[in-house]
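Just so you know, the protein sequences line up as chains U and Z, in that order.
First residue of the first sequence: 1, per the UniProt record's numbering; consecutive thereafter.
First residue of the second sequence: 1, per the UniProt record's numbering; consecutive thereafter.
From the three backbone atoms N, C-alpha and C, an ideal C-beta is built for every residue, glycine too.
Please read the structure below before turning to the comments.
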Amino acid sequence: MPKSLTPRLAALRDEIHGYAKEFGLDFFDTIFEMVSYDEMNMVAAYGGFPTRYPHWRWGMEYEQLAKGYEYGLSKIYELVINNDPCYAYLMESNPEVDQKLVMAHVYGHCDFFKNNFSFRHTNRRMIDDMANHATRVRRWVDKIGVEKVEDFIDRTLSLENLIDQHSPHIRRNPDPRRAEEEVKANERVEGFKVGREYMRGFINPSEFLDSQRKRVEDEKQRAKKFPERPQRDVLLFLLEHAPLEPWESDILAILRDEAYYFAPQGQTKIMNEGWASYWHSTIMTRRALKDDEIIDYADHHSGTMGTRPGAINPYKLGIELWRDIEDRWNKGKFGKEWDECDDLRARRNWDKKLGAGREKIFEVRKHYNDITFIDTFLTAEFAQEQKLFVYGFNDKRNSWEILDREFRKVKSKLLQGLTNFGQPIIEVVDGNHENRGELLLAHKHDGQDLKGDYARETLRNLQSLWRRPVCIVTRYDNKGVLLRFDGTNHTEKKVEL
Amino acid sequence: MTLKIHQDHSRFKQIVRGKIKANLRKYVQKGEMLGKKGKDAISIPIPFIDIPRFKYGHKEQGGVGQGDGEVGQQLGPGAVEPGEGHQAGQGEGDHALEVDVTLDELAQILGEELQLPNIERRQNEKIVTQKIRYTGINTTGPESLRHFKRTYKQALRRQIAAGTYDPNRPIIVPMREDRRYRSYKLQNLPETNAVIIYMMDVSGSMGDEQKEIVRIESFWLDTWLRHQYKGLESRYIIHDAVAREVDRDTFFHTRESGGTMISSAYKLCRDIILADYPKSAWNIYPFHFSDGDNWSADDTRQCIEMLRNDVLPNVNQFAYGQVESPYGSGQFIKDLREAVGDSPNVALSEIADKDAIYASIKDFLGKGR
C-alpha cells in the first residue's frame, strides 16, 4: 500500500517545494506517496488511478510494464495525476537524487495542469470520480454478469477515440438562420390556385389540403438532418440516440467521461513533459543539486532526454523548444526586424538584452497546446539544430528511411501527427441513413487511408451498440468507399465523393 | 500482499489462454507461429487481443524523427515502434500482440484441448533425490546465509528498546546477538526422470516437408512430456542404412541419400537404453518417424523381433509416426500394426500432412502411459 514520505524525504520535498515557489510555479497542493516498483507498475497500468474499474487491459498493460522492469529495460520514474490536490508517486527504491529530480519534475507538471487552458475543463476531483466509476461498473457486473459487462466495455473502448476534443471549450448557440428557414417552410400548403372563390371547396377540398400539409410536414421531418450537422462526438451521439439498456448507457457515459478527462494530456504531451523537464533541470542545477549528486543526476537526466531516430521524444523536443523560446525572448529574436534580417552573422549575434524569456514561457504555458505550440514556435533554425527529419516506409527496401530534412515538411508532418492525436477524424453524418435507421459515419480523409481490418472490426463493435446496420464513408487509394456492416456481413461499395 | 491489479492480470492471462486454446490447431499446424523459445517460456503472437479502432495504417503514416543521417539512410530495425507501443509479430500477425506463455501452461492447454490423460507413473517414487529447502531462521549459521532483513529488524528492535535509536539519524549497528541466519532442511523428493529417444529416417525419400512435420510434432511431444516429468532428456538418432546418434540440430537438418534399414536405428536405440537408462530409474519414450519404406521384409522382421524382446519390455511407450511422402510405400506401419499393434504400450500414427499433426499428437499421447 502507498506510504507517506519518510521524514528525510519530507524535508527534501519542502526544500524543492520552496524552490518551485521561488521560481514562480503555481500549483495545487501536491501529495507525494511512496510505492514499491510493483505498485508503481500497477498504478501506471491503471493510468495513474489505483481505483479503476476492473478490466483485463490494465492487466495487459501491467504485464508489459512488469516485464520491462524485470528485464531492466524500462523503469517508471514519475507518475502524477491531474487532480486537486495533485497526487504523485515516488518509487521507494530510487536513490535520493532521483527523488529530488522527480519532485521537481512533478511540480512542473502540477503547475501545467493548473494553468494550461486545455485542462481548464477537466475534472479536478477525478480521483473520487474514478472510484465512483469503478463502483458503478462493479455493481453492473454483479447484476448483469462479468462476461456481458466486459464484452460491452471492450466494444465501447473500440470507439473511445471518437470524441470531440474541442467540445468542452465550445458553447453552442442556436443558429438564427435555421429558425428563419423553419418559419418560411411553415406557410406553404395553399392548394391549387383558385380562379373563382366558390370553386375553392371543390378544387381544394379540406381533406386534400390536410393530406398535402401532412405530406409536406413528413418531408420536412425527413429532410431535417439528424444530426443537424456532422457530429464529432460519436460517443455522445450513441449515448443520446442508440437503443441502449440502462446499464449500457451508464457504462458508455463512464468511458466517455474518462476519455474526455485524459484527452488534454494527449493534446499537451510535448509541452507538458518539456515544461516539467525544463523545471526539474532548472531547479536541480540552479538550486537543489549537491556536488556528489551531479554525476547521477546528469546520467538520469540524459537518459530521459535520449532520442531514437524513429521517434520524437516529447521530453527532449519539449525542453529544447521551451529553452529556445526563452532564449529568443531574452535576446529579442522575434518581430518584424528579426524576421526581415537575413544577415546570418547579425542573426547569430542578435541580442537586444530584453530579458523577457521567463515571462514569455510562463505566458506560453497558459495559452497553447502542442499544435499551436509547435506551429508558433518551431523555427527552421530550431529544426536544423535539433536534426529533425521526416521518415517513411520504403516498400522496395522494406525498411524505414529518412525521407527529408526540409523544414516545411518536417513541421507539417509533425503537426499532422498531432492533429486529433494523430488519429483519423470521424464524424456522424446521418443517424437515419437511407431512411432505414442506419448509422452513417464519414472519415475526413487527409491523405492517409484507414487500416482496413481494424476499420471493419470497429464497425462490428459499433453495430452492436447501434443495433441497426452501420456504415462509414472513407477513401482507399483515392477512391470513395463505403464500408458497411449489417450485423452479419461486411460489404464494400464504391461511392462518389 | 496481493495487489488489486492481480485480478485484472489474471483475467488478461485467462483471455490469452482462451485465445491460444481457440487457435491451438493453427499453432500446432504452423510451427512458425511459435516464436522465440526461451528456457521455459515461449512467445506466441495472439491476434486480435488488441482493441480495434479507426486508425491509420502505420506504414502509410511515417513520422518525424531526430538525429543524424543522410536523406535516404535506413533507420535500422527496431527504430520505429509499430502501433501504439505494443510489440508486433511477423507477417500475418502484423497487429498481433506477443505474449509469453510458459511451456508448462502451454502443455496444460494442449492437454485440456486434446483431452490428454495424465501419464500414469510407472516407477512410483522409487528414485529419490535430496533437496535443500530453506525453511527456518536460526541464530547461528555461516555468514553467507545471513538474513539481512531479519538481522536488521532485530537490531532495530534492540536499539529502540535501548533508546539508542534516533529517527533523524537512523543508523543501525547490528551486534552478534542480532544476527539471524537462514536454516535449511534436507527433503527427500521423488525423482521422475524421463528420456525421449527420437529416431528419424533421413534417407532420400524423407523431404523437407516431412522433416518439418517431425520437428513440429517433436516440439509438442517435448512440451507435454516435460510437463509430466521434471527431468526430461532427449536423445536423437538418425538413420538411413546405418544409424548414428546426433545432436538436436543435426537431427533436424541432415539429409542423406540411399536406402533405409530401420533395424539399425532400433538396434542403436536398444543399446542406448541398455547402457544409460535402466528401466528401474527411467521412464523411456522412443519415438520413431519414417515414411514407411524399409529395405526388406527381412529387416522388418528383425525390427519387430527387437521391439518385442528388447524395447517394449523396457519402455513406457514405443511410438511410431509414419509421415506420408510421395516416395514411401508406407508398408512399415502395416507390418508393425500386424505384429505389435495389440501391445498396450505401442502407439502408431499416420501423419498425412501438417493438418494431421494435431490428431497424431493425440494418438501418441492419448494412452496416458
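For the 9 Å CB-CB criterion, P142 (chain Z) and A155 (chain Z) do not form a contact. Proximity to L157 (chain U) across Z:K279, Z:D50, Z:L274 and Z:L268 peaks at Z:D50, based on C-alpha coordinates. Here N349 (chain U) is exposed, its C-beta having fewer than 16 other C-beta atoms within 10 Å.
Restricting attention to alpha helix (DSSP H) runs no shorter than 4 residues, the UniProt domain "SpoVR-like C-terminal" (424-474) of chain U encloses them at 452-466, ordered along the chain. Residue environment: A259 (chain U) is assigned as buried (16 or more neighbouring CB atoms within 10 Å of its CB, all protein chains considered). Under the rule that a run must span 4 or more residues, the alpha helix (DSSP H) segments found entirely inside the segment 72-160 of chain U read 96-115, 126-144 and 146-157.
S329 (chain Z) sits exposed, since fewer than 16 C-beta atoms from the chains shown fall within 10 Å of its C-beta. In the DSSP assignment, L232 (chain Z) falls outside any alpha helix (DSSP H) and within the unbroken beta strand (DSSP E) covering G231 to H239. Restricting attention to Z:K21, Z:F12, Z:R25 and Z:V202, the CA atom closest to the CA of Q108 (chain Z) is found in Z:K21. P7 (chain U) carries a helical assignment under DSSP once its states are collapsed to helix, strand and coil.
Per DSSP, G65 (chain Z) lies in no alpha helix (DSSP H) segment; the continuous beta strand (DSSP E) that holds it begins and ends at G63 to Q66. Nearest neighbour of F12 (chain Z) by Cα position, chosen from Z:L24, Z:V99, Z:Q74 and Z:K26, turns out to be Z:V99. Along the segment 384-403 of chain U, the positions whose C-beta sits under 9 Å from a C-beta of chain Z are Q386, K387, L388, F389, V390, Y391, G392, F393, N394, D395, R397, S399, W400, E401, I402 and L403, read in chain order.
Judged by DSSP in its simplified three-state form, D343 (chain U) adopts coil rather than helix or strand. The residues L186, Q187, N188 and L189, in chain order, have a CB closer than 8 Å to that of Q130 (chain Z) in the same chain once the five nearest residues on each side in sequence are set aside.
Taking 9 Å as the threshold, the shortest C-beta distance from K21 (chain Z) to chain U does not fall below it.
Under the three-state reduction of DSSP output, T151 (chain Z) falls in the helix class. In the DSSP assignment, N283 (chain Z) falls within the unbroken beta strand (DSSP E) covering N283 to S290. At the C-beta level, D296 (chain U) and D98 (chain U) come within 9 Å of one another.
Listed by position along chain U, the residues whose Cβ is nearer than 8 Å to that of E70 (chain Z) are I402. From the listed residues U:L441, U:E492, U:W322 and U:D343, the smallest Cα separation to P230 (chain U) is found for U:L441.
Using a Cβ-Cβ cut-off of 9 Å, W466 (chain U) does not count as an interface residue toward chain Z, since no Cβ of chain Z sits closer than that to its own. Ranking Z:E324, Z:N316 and Z:E305 by CA distance to the CA of A339 (chain Z) puts Z:E305 first. The beta-carbon separation of A265 (chain Z) and M199 (chain Z), rounded to 5 Å, stays under the 8 Å limit for a contact.
The C-alpha of Y454 (chain U) is placed about 43 Å away from the C-alpha of Y229 (chain Z).
Segment contact: the segment 280-293 of chain Z against the segment 311-322 of chain Z, three or more CB-CB distances shorter than 8 Å; contact assigned. Rounded to the nearest angstrom, the Cβ distance from P424 (chain U) to H443 (chain U) is 5 Å, consistent with a contact under 8 Å. Within chain U, the residues placing a beta-carbon under 7 Å from that of Q73 (chain Z) are E401 and I402, ordered along the chain. The DSSP assignment places 294-305 and 314-331 as complete runs of the alpha helix (DSSP H) inside the segment 270-337 of chain U, in order along the chain (cut-off: 4 residues).
The continuous stretches of alpha helix (DSSP H) do not include F389 (chain U), which lies in the beta strand (DSSP E) extending over residues L388 to N394.
Below 8 Å, enough C-beta pairs join the segment 87-106 of chain U and the segment 22-40 of chain U to call them touching: three or more. Interface annotation, L103 (chain Z): not in contact with chain U, CB-CB separation never under 9 Å.
The distance from the Cβ of T491 (chain U) to that of V481 (chain U) is about 11 Å, inconsistent with a contact at the 8 Å cut-off. Around the beta carbon of M130 (chain U), a 10 Å sphere encloses 16 or more other beta carbons of the protein chains shown; the residue is thus reported as buried. Here V340 (chain Z) carries a helix assignment [DSSP, helix/strand/coil].
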